[in-house]
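Encoded as structure tokens, the structure appears first; notes follow it.
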Amino acid sequence: MPDSNENVAESAPPSPTTQAIPEVVYFDDEGDVRVLVHDKGVQKVFIASSKAMSLFCDPWKRMFAGNFKEAQAGEDGMKEVAFPEDDPKALTILLNVAHLRFDKLPKQSLSFETLRDLIVLSNKYCTTILLKPWIDVWSDYLRQRSGKFEYEYGREELLFIYWELGEERRLEDLAIRLAKEIEISADGKCVDKKGKVLDPDEGFCYFPPGLLDSILCIRTQTIDSMLDSLYHYVVRYLSAYQQKDPRQMCQGGNSMEQKRACDSLILGSLITSVQCAGLGINRPRTKSIKWSVDTLLSKILSVSISEFPCGCGSEDHIYCNFSSDLYWSIEKIYEKMASPVLECHLEHAQRQMKLLRDY
Numbered sequence: 001m002p003d004s005n006e007n008v009a010e011s012a013p014p015s016p017t018t019q020a021i022p023e024v025v026y027f028d029d030e031g032d033v034r035v036l037v038h039d040k041g042v043q044k045v046f047i048a049s050s051k052a053m054s055l056f057c058d059p060w061k062r063m064f065a066g067n068f069k070e071a072q073a074g075e076d077g078m079k080e081v082a083f084p085e086d087d088p089k090a091l092t093i094l095l096n097v098a099h100l101r102f103d104k105l106p107k108q109s110l111s112f113e114t115l116r117d118l119i120v121l122s123n124k125y126c127t128t129i130l131l132k133p134w135i136d137v138w139s140d141y142l143r144q145r146s147g148k149f150e151y152e153y154g155r156e157e158l159l160f161i162y163w164e165l166g167e168e169r170r171l172e173d174l175a176i177r178l179a180k181e182i183e184i185s186a187d188g189k190c191v192d193k194k195g196k197v198l199d200p201d202e203g204f205c206y207f208p209p210g211l212l213d214s215i216l217c218i219r220t221q222t223i224d225s226m227l228d229s230l231y232h233y234v235v236r237y238l239s240a241y242q243q244k245d246p247r248q249m250c251q252g253g254n255s256m257e258q259k260r261a262c263d264s265l266i267l268g269s270l271i272t273s274v275q276c277a278g279l280g281i282n283r284p285r286t287k288s289i290k291w292s293v294d295t296l297l298s299k300i301l302s303v304s305i306s307e308f309p310c311g312c313g314s315e316d317h318i319y320c321n322f323s324s325d326l327y328w329s330i331e332k333i334y335e336k337m338a339s340p341v342l343e344c345h346l347e348h349a350q351r352q353m354k355l356l357r358d359y
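Per UniProt numbering, the sequence shown starts with residue 1, numbered consecutively.
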């Protein structure tokens, strides 16, 4: 089971008389720094070596160097740093690696949440490459038999994992999928199919920088193109029908009456069908569409055009029915949807892939 080995640091047993004292976890018995963290609202203290931490990554090295507050020892000779935003499980793993306590590392796959928090933290401190010996084992739980990470609703932050681990193709595949699936809630929030809010500015929700905005932009562009394609026909028939001397759109029919009847039938069925799909006669503003691209696709493909019957001297009206052309144009827009992954995301993923594969 995932997370079975995540609680691997050595903790001091609680004492009935010291309930107010934070739990202390030792990574180095001779440690010279107290690392303050919060675990579900409860403060913990990690005793670590500033030298080991400085050797582990440049951000920590800079923190303990020079005149920074963190570099100054207190009266008891201990330095003190606070990492209130860092996940304690993920930080425990990094500190165990930094202190060469490899026997304390998880030996089985991590849960999605712990793996995500670990990758977010290793990206923050530029240490992902140092996790190379264990990353395949820790991410095994999230892989299918094909070797791909398994995506489920609620795991949209796989985007961050793909990006940081150099999984370029999977990053693009998932980004495009999300651009097709995400919706906008009644209060204007970006949500997945199950209603989970996807907002890096609210709570702990991690995505590669700028990627969620790009996904929303591609979603808007795609919806705009789909609406243009549909309302091209609505406007075309309405404008022709509403003229003082109506322009005939019918390509069959042996008389003006038949052509007029064909146009009326098509326009009437088009308007009725568009309204049944939840859209109006007038083209809605793109930003007013809260549905996902997938939902809009389904609704437009449900638009049905009635065809004027043949017989009674009438020619075939098959070419008057434009539904196949409409469906083709909509499906083409959907299939050719642009990738939300920007060049900066690709460059980072490619760099990470090279580091992790060549290390």
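Backbone N, C-alpha and C define an ideal beta-carbon position, used for all residues, glycine too.
For GLU183, three-class secondary structure by DSSP: GLU183: strand per DSSP, three-state reduction.
Do the CB positions of TRP163 and PRO208 come within less than 7 Å of each other? Yes.
When burial is assigned at 16 or more other CB atoms within 10 Å of the CB, is LYS79 buried or exposed? Counting Cβ neighbours within 10 Å, LYS79 comes out buried, since at least 16 surround it.
State the DSSP-derived secondary structure class of GLN258, mapped to helix, strand or coil. Three-state DSSP puts GLN258 in a helix.
Helix or strand or just coil, what does DSSP make of LYS107? For LYS107, the three-state secondary structure derived from DSSP is coil.
Looking at the structure shown, is ILE47 part of a helix, part of a strand, or coil, going by DSSP? It is a strand residue.
The alpha helix (DSSP H) enclosing TYR241, as first and last residue numbers: Per DSSP, TYR241 belongs to the alpha helix (DSSP H) from 211-241.
Between SER139, ASN67 and ASP228, which lies nearest to LEU115 when the distance is taken from Cα to Cα? LEU115 has its Cα closest to that of SER139, out of SER139, ASN67 and ASP228.
At the level of alpha carbons, what is the spacing between ALA48 and ALA90? Roughly 15 Å separates the two Cα atoms.
Is the CB-CB distance between ALA179 and PRO340 below 7 Å? Contact flag set, yes.
Just to confirm, is the Cβ distance from ALA175 to ILE215 under 7 Å? Cβ atoms of ALA175 and ILE215: closer than 7 Å.
Can you give me the Cβ contacts of VAL81 inside the same chain, cut-off strictly under 8 Å, excluding the 5 residues immediately before and after it? If the five residues before and after VAL81 are omitted, its C-beta is found closer than 8 Å to the C-beta atoms of VAL33, ARG34, VAL35, LEU36, MET63 and GLU70, all from its own chain and listed in chain order.
Where LEU36 sits in the DSSP three-state scheme: Residue state, collapsed to three classes: strand.
Among ASP263, THR222, PHE102 and HIS232, whose alpha-carbon lies nearest the alpha-carbon of LEU131? Residue PHE102 is the option with its Cα nearest to LEU131.
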